[in-house]
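Numbered by the numbering used here, the letters in the sequence shown go through residues 532 to 710 in order.
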Amino acid sequence: STQAPKCAGTTRFNSSSSSTFNSAPDTPWKDVYGSGAISGAAHTESVTLPVDDDSGVCTITGQAFGIATSMAPSQAVLSGSGICGLAFPGLAHFTHPTIFDGMSSTCGLPQVFMWYLTKEPDASGSSLTLGGVDTRQSGVTDASGFTMVDLVQWPTSTGTQYLWWSTKLAGVAVGSSGC
């Protein structure tokens, strides 16, 4: 097990301080990313997310999530306080329903997300917006300034389904030339 050194001083999830945490220690999980493997056990918890409507919050009860107990050394150097899977159900190992399904069915939020990444590594200000787009972060004055694209469904043994966040490319341009 590798301890993430950049997490020192970061607020960590404390399951004993939660009245809605449900432990499932016999439910192991493992994911392998390009940077290495991460593993732990699956649990459930009530997850509350801020939303921009009259209620101010969306609470999903019984949301499955994993507590990592081991990670590749290449992941241990990342500065972060957790991991949130954004997989479609076809790729999700144990999170059924996924957090997107929970946001949609519980709170009526659209299954849309937006990443805003700062230009410099380790700079503060990057954010993830779930259930919509944040025009304040992106510099776009309204949502019509974004281009929405259709995602590709992938063939599976049972037909086709969404697996990855992928879209068809019509071409690639570098500088003034393209193909």
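Cβ atoms here follow ideal geometry from the backbone N, Cα and C, with glycine treated the same way. Please read these numbers as outputs of a predicted model, since none were measured by experiment.
{"Check": "Reference VAL578; option with closest CA among ASN553, TYR647, TRP646 and ALA623", "Outcome": "ASN553"}
{"Check": "Which of helix, strand or coil DSSP assigns to PRO604", "Outcome": "helix"}
{"Check": "Range covered by the alpha helix (DSSP H) that runs through SER635", "Outcome": "630 to 638"}
{"Check": "Proximity of ALA572 and ALA555 at Cβ, strictly below 8 angstroms", "Outcome": "yes"}
{"Check": "Element boundaries [beta strand (DSSP E), containing HIS574]", "Outcome": "567 to 581"}
{"Check": "Pairwise C-alpha distance: GLY597 and ALA568", "Outcome": "13 angstroms"}
{"Check": "Cα-Cα separation between HIS624 and GLY633, rounded to whole angstroms", "Outcome": "16 angstroms"}
{"Check": "SER682 and TYR693 closer than 8 angstroms at C-beta", "Outcome": "The residue you asked about is not Ser; residue 682 is Leu in the sequence shown. Yes, Cβ-Cβ distance for LEU682 and TYR693 is below 8 angstroms."}
{"Check": "8 angstroms Cβ cutoff met for VAL680 and THR691", "Outcome": "no"}
{"Check": "6 angstroms Cβ shell around VAL705 - same chain, five flanking residues per side excluded", "Outcome": "none"}
{"Check": "Alpha-carbon spacing of THR590 relative to TRP685, whole angstroms", "Outcome": "31 angstroms"}
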